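Heads up, the thing below is written out as structure tokens.
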Amino acid sequence: MNTTLKMEHISKQYGEGTTHVSVIRNVSLEVKAGEFIALVGPSGSGKSTFLSMAGALLTPSSGTLVIAGEDVSQASAQRLTALRRKHIGFVFQSAHLLPYLTVRDQLVLVTQFEKSNNREVQTRADRLLQRLGLQHRMYHFPEQLSGGERQRVAIARAWMNDPELLLADEPTASLDAVRGREVVQMIADEVKLRDKAAIMVTHDHRVLDLCDSVLYMEDGTLKKEQLSS
Amino acid sequence: MFLAWKEMKHAKARFILIGFIMVLLAYLVLFVSGLANGLQADNVSSIQHMKATSFVVAQNSDQRLQSSQLTEKQWHELQRTKDVTPLGLRMTSVKQQGSQKKIDSTLMAIDPEQFLAPTIEEGQAVTHLRPNEVVGDYSLKEHGFMLGDVLVETMTGKTMTLVGFTKNELFSHAPVLHMTTQGWHRLFGAKVSWNAGALRTAVHLPSIKGVEQASKEEIVQSVPGYKEEQGSLTMMIVFLFVISAFVLSVFFYVLTLQKMSHFGVLKAMGATTRYLARSILYQVLLLTSFSVAIGVGLTLLTGALLPSTMPFHVTPTLLLSCCGLLITVAILGSLLSLNTVRKVDAIEAIGRAN
Ligand SMILES: Nc1ncnc2c1ncn2[C@@H]1O[C@H](COP(=O)(O)OP(=O)(O)OP(=O)(O)O)[C@@H](O)[C@H]1O
Ligand SMILES: [Mg+2]
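Going down the list, the sequences are from chains R and F. Position 96, counted from 1, in the first sequence is what this note's numbering calls 96; the numbers after and before it change by one each time, with no gaps. Position 202, counted from 1, in the second sequence is what this note's numbering calls 202; the numbers after and before it change by one each time, with no gaps.
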């Protein structure tokens, strides 16, 4: 199996002197294609920070970070942006859709940052929306959708650039249990179907059974948790 | 531009409102510019139309044509220079024979065979002008004058026949009546001297006592009231541009601030600052061009509706330069927003509820 994400002895510190905080301490992790990993842990333990580094939004203070075969430990902001565009899909806690784009355009937008074949983009968008059960919502604006539907659009959008790695930060936080489970199920299905990797931060222990493994973060360090079910 | 266009389409009301204010700004700028241009034409168009490049005037005249008088001796010496042609100029008033209503006008004496001769729009060719005949600016028509009318010059009481119309021949806010040098002598006597000698090419003048050479621009600048009039209007226009720059900057900045969280998400998704900047510039350009185009339309409409006695005059050059300047101002106004977008960090999108 291909390694999608490789972290070796990663640390992250913020600030200097009296404001110095060590958020991530010496974390190593390898994620392979086809793996769906859950990340749990108390608030403030560094989950979002960890995810930001895995998603090339942040560079680590020390350690080696390899995303999709590229060492980005010291990459420039421009390099990171290009990497995110090509290899990473994000699902944020609140869907973060753009209010002025229809569901379909939310997906098309992802491909607009570079030159792209429009015909192909549209069929890809349509196929994704169909798979996530949103075809009848294609021309709606976010304000016309329920929270669950918005989160599904966000997932469709995250898959749009065909990323190696999907990162989700509490994607179910604003959903009820049933909708939340549905959304996680969709991520899991896509991971298996297309042999991708995904990491999801969550506080919802009822969806952990849909993941391949669960990592526990506490005070900036990772522990592997056995699946309890 | 996908993003820019979709957003404008969705937030129509907001963009139309901003566009509306930009239309008003453009209209105001263009209107005042048209007014400045019209007043300028009213004041000096006759001189600006002259094919002369410089004038020889009396030294103590402050380069004012009205107060310059060349002595007979000076004129005699000047005539040795090839290409110099006389110009007589007097502010007066005329009335139609049998009428009591006087209107101000500027009498000009020229040699019809020489380059100061005006272009005739209607009526008799200037080269066939007899001493008792004059041609006058079109604006006389507005005052009820017609070809063939007999005019009375009110200072001398002498009469002359209006045989032709010229266009844009005004001086000191009064229509110019052109007559021949013989006509001038007929009115004011054989001994009168000229106000100035006009030159078409740069020639080295023999040094003549008591005269100086002034460029056409210097003569225009010295027309009474010209500098003050243009100065205050130019000031207004400059202020309008400065105000536009501020208003537009604030508009664009507020629009951008409202979208900060969107920019963070877009950057997280891999949008480059360049893409976002292009998107903003595209919106600014689209909005500005539309608004300015409507402003131009309104200005032209105003020009067509205003009575032609109003000193309002727009030219393509004037319109184009004003529009260019407005678009430049709008782009400058968006720089603040562009810098804000540059500083947005993609990290802000993650780990936050909103
Ligand atoms: N830019 C920053 N500067 C300084 N400290 C920061 C910064 N970003 C995060 N931190 C600190 O790092 C720690 C971990 O933050 P992080 O957001 O990763 O936690 P989390 O596990 O995602 O928490 P939650 O479950 O509440 O979302 C926190 O103590 C936070 O205050
Ligand atoms: Mg978090």
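Glycine is no exception: its CB is placed at the ideal position from the N, C-alpha and C atoms. All figures in this text were calculated on a predicted structure; none of them were measured in a lab.
- Query: chain R beta carbons: is any one of them nearer than 8 angstroms to that of VAL254/F?
  - Reply: Working through the second sequence from its first residue, we reach residue 254/F at position 254. False, the Cβ-Cβ gap to chain R never drops below 8 angstroms.
- Throw me the rounded Cβ distance for the ALA75/R and LEU5/R pair, which I believe falls under 8 angstroms. In the first sequence, counting from the first residue as 1, residue 75/R sits at position 75. In the first sequence, counting from the first residue as 1, residue 5/R sits at position 5. Actually they are not in contact, since the Cβ atoms of ALA75/R and LEU5/R sit about 14 angstroms apart, beyond 8 angstroms.
- Out of curiosity, what's the CA-to-CA distance linking LEU199/F and LEU87/F? Locating residue 199/F in the second sequence gives position 199, counting from the first residue. Locating residue 87/F in the second sequence gives position 87, counting from the first residue. Whole-angstrom Cα-Cα distance: 10 angstroms.
- Three-state class that DSSP yields for VAL56/F in the structure shown: In the second sequence, residue 56/F corresponds to position 56, counting from 1. In the structure shown, VAL56/F adopts extended strand secondary structure according to DSSP, grouped into three states.
- Query: To the nearest whole angstrom, what separates the beta carbons of ASP83/F and THR201/F, a pair I think is in contact under 8 angstroms?
  - Reply: Against the second sequence, residue 83/F aligns to sequence position 83. Against the second sequence, residue 201/F aligns to sequence position 201. For a cut-off of 8 angstroms, the C-beta gap from ASP83/F to THR201/F is around 6 angstroms, short enough to register as a contact.
- Query: Listed from N- to C-terminal order along the chain, which residues in the stretch 44 to 66 of chain R have their beta-carbon within a distance smaller than 7 angstroms of any beta-carbon of chain F?
  - Reply: Listed by position along the chain: SER48, LEU51, SER52, LEU57, LEU58.
- Message: Any beta carbon from chain R within less than 8 angstroms of ASN354/F's own beta carbon?
- Response: Residue numbering aside, residue 354/F sits at position 354 when the second sequence is read from its first letter. Only weak support is given to the placement of ASN354/F: the predicted model assigns it a pLDDT of 44, under 50, and the question is left unresolved by the model.
- Task: Round the Cβ separation of LEU70/F and SER193/F to the nearest angstrom and send it over; I've been treating them as touching at under 8 angstroms.
- Result: Translated into the one-based positions of the second sequence, residue 70/F becomes position 70. Translated into the one-based positions of the second sequence, residue 193/F becomes position 193. Confirmed, Cβ separation roughly 5 angstroms.
- For chain F, find out if any of its Cβ atoms is closer than 8 angstroms to the Cβ of THR202/R; answer yes or no. Start at 1 with the first residue of the first sequence, and residue 202/R comes out as number 202. By this cut-off, THR202/R is not an interface position.
- Return yes when at least one heavy atom of ligand 2 lies under 7 angstroms from the C-beta of SER28/R, else no. Taking the first residue of the first sequence as 1, we reach residue 28/R at position 28. Not one heavy atom of ligand 2 is found less than 7 angstroms from the C-beta of SER28/R.
- Just to confirm, are LEU97/R and PRO42/R a CB contact at a threshold of 8 angstroms? In the first sequence, the residue the question calls residue 97/R occupies position 97. In the first sequence, the residue the question calls residue 42/R occupies position 42. Between LEU97/R and PRO42/R, the CB-CB gap reaches or exceeds 8 angstroms.
- Message: Closer than 7 angstroms to a non-hydrogen atom of ligand 1 - does that hold for the CB of THR18/R?
- Response: Taking the first residue of the first sequence as 1, we reach residue 18/R at position 18. No, since every heavy atom of ligand 1 falls outside the 7 angstroms radius drawn around the Cβ of THR18/R.
- Contiguous beta strand (DSSP E) assignments of at least 3 residues, all confined to the stretch 54 to 123 of chain R: Runs of beta strand (DSSP E) with 3 or more residues, each lying fully within the stretch 54 to 123 of chain R, are found at 62 to 67, 88 to 91, listed in chain order.
- Task: Count the C-beta pairs between the stretch 313 to 320 of chain F and the stretch 222 to 234 of chain F that are closer than 8 angstroms, then say yes if the count reaches three, no if not.
- Result: Contact fails: fewer than three Cβ-Cβ distances are below 8 angstroms.
- Can you tell me whether ASP169/R is buried or exposed, with buried defined as 16 or more other CB within 10 angstroms of its CB? Mapped onto the first sequence, residue 169/R falls at position 169. Buried, by the Cβ-count rule.
- Query: Which residues, taken in chain order from the stretch 177 to 207 of chain R, show a beta carbon closer than 7 angstroms to some beta carbon of chain F?
  - Reply: Those residues of the stretch 177 to 207 of chain R that come within reach of chain F (Cβ to Cβ, closer than 7 angstroms) do not exist; the list is empty.
- Query: If you draw a straight line from the C-alpha of PRO175/F to the C-alpha of LEU205/F, how long is it?
  - Reply: In the second sequence, counting from the first residue as 1, residue 175/F sits at position 175. In the second sequence, counting from the first residue as 1, residue 205/F sits at position 205. So the alpha carbons of these two residues sit roughly 32 angstroms apart.
- Host beta strand (DSSP E) of MET160/R (start-end): In the first sequence, the residue the question calls residue 160/R occupies position 160. Element bounds for MET160/R: not the beta strand (DSSP E) but the alpha helix (DSSP H), 147 to 160.
- Query: Looking at the C-beta of TYR275/F, does it have a partner C-beta in chain A at a distance below 8 angstroms?
  - Reply: In the displayed structure, chain A is absent; the protein chains listed are R and F.
- Any idea if SER68/F is buried or exposed, counting beta-carbon neighbours within 10 angstroms, 16 or more meaning buried? What you label residue 68/F is simply residue 68 of the second sequence in a count that begins at 1. Flag for SER68/F reads buried.
- Query: Thinking C-beta only, is ILE24/R closer than 8 angstroms to GLY220/R?
  - Reply: Looking up residue 220/R in the first sequence gives position 220. Looking up residue 24/R in the first sequence gives position 24. Yes.
- Query: Would you say LYS288/R touches ligand 1, meaning its beta carbon is less than 7 angstroms from a heavy atom?
  - Reply: No statement about residue 288/R is possible, as the shown extent of chain R runs from 1 to 229 and does not include it.
- Message: I'd like to know if ASP105/R contacts chain F, where contact means its C-beta is closer than 8 angstroms to some C-beta of that chain.
- Response: Your numbering for residue 105/R matches position 105 in the first sequence. Among the CB atoms of chain F, one or more fall inside 8 angstroms of the CB of ASP105/R.
- Message: Quick check: what's the CA-CA separation for LEU298/F versus TYR27/F?
- Response: Position 298 of the second sequence, counted from the first residue, corresponds to residue 298/F. Position 27 of the second sequence, counted from the first residue, corresponds to residue 27/F. Whole-angstrom Cα-Cα distance: 7 angstroms.
- Is it the case that the Cβ atoms of SER11/R and SER28/R are separated by a distance below 8 angstroms? Here residue 11/R corresponds to residue number 11 of the first sequence, with the count starting at 1. Here residue 28/R corresponds to residue number 28 of the first sequence, with the count starting at 1. Not a contact, by the Cβ cut-off of 8 angstroms.
- Task: Decide yes or no for the touch test of the stretch 42 to 61 of chain F against the stretch 339 to 352 of chain F: beta carbon pairs closer than 8 angstroms, at least 3 of them.
- Result: Because the criterion of three Cβ pairs below 8 angstroms is not met, the stretch 42 to 61 of chain F and the stretch 339 to 352 of chain F do not touch.
- In chain R, what lies closer than 7 angstroms to HIS262/F by C-beta? By 1-based counting over the second sequence, the position of residue 262/F is 262. Going along chain R in sequence order, the residues near HIS262/F (Cβ under 7 angstroms) are LEU98.
- Task: Assign THR159/F to buried or exposed, taking buried as 16 or more other Cβ atoms, counted over all protein chains shown, within 10 Å of its Cβ.
- Result: As a position in the second sequence, residue 159/F is number 159, starting the count at 1. For THR159/F, the number of other beta carbons within 10 angstroms of its own is below 16, and it is reported as exposed.
- Only counting runs of 4 or more residues, tell me where the alpha helix (DSSP H) segments fall wholly within the stretch 86 to 150 of chain F, in order along the chain. Runs of the alpha helix (DSSP H) inside the stretch 86 to 150 of chain F: 139 to 142.
- Query: If you draw a straight line from the C-alpha of MET260/F to the C-alpha of VAL201/R, how long is it?
  - Reply: Stepping through the second sequence from its first residue, residue 260/F is reached at position 260. Stepping through the first sequence from its first residue, residue 201/R is reached at position 201. MET260/F and VAL201/R: Cα-Cα distance of roughly 25 angstroms.
- Message: Within a Cβ cutoff of 6 angstroms, which residues of the same chain sit near MET236/F, ignoring the five residues on either side of it in sequence?
- Response: On the second sequence, residue 236/F is found 236 positions in, with the first residue counted as 1. VAL32.
- Message: Please state the DSSP three-state secondary structure of PHE312/F.
- Response: Position 312 of the second sequence, counted from the start, is the residue given in the question as residue 312/F. In the three-state DSSP reduction, PHE312/F falls in the coil class, being neither helix nor strand.
- Just the Cα atoms here: how many angstroms apart are HIS87/R and ASN161/R? Here the question's residue 87/R lines up with position 87 in the first sequence. Here the question's residue 161/R lines up with position 161 in the first sequence. In this model, HIS87/R and ASN161/R are separated by some 8 angstroms (Cα to Cα).
- Query: Using the beta-carbon of each residue, which ones in chain R are nearer than 8 angstroms to ILE347/F?
  - Reply: Numbered from its first residue, the second sequence carries residue 347/F at position 347. Those are SER52, LEU57, LEU58, listed as they occur along chain R.
- Query: How close, in whole Å, do the beta carbons of GLU113/F and THR127/F come, if the pair is a contact with beta carbons under 8 angstroms?
  - Reply: As a position in the second sequence, residue 113/F is number 113, starting the count at 1. As a position in the second sequence, residue 127/F is number 127, starting the count at 1. Contact between GLU113/F and THR127/F holds, with the beta-carbon distance rounding to 7 angstroms and staying under 8 angstroms.
- Message: Run through chain R and tell me which residues come within less than 7 angstroms of GLU7/F, C-beta to C-beta.
- Response: Numbered from its first residue, the second sequence carries residue 7/F at position 7. Per Cβ cutoff of 7 angstroms: TYR100.
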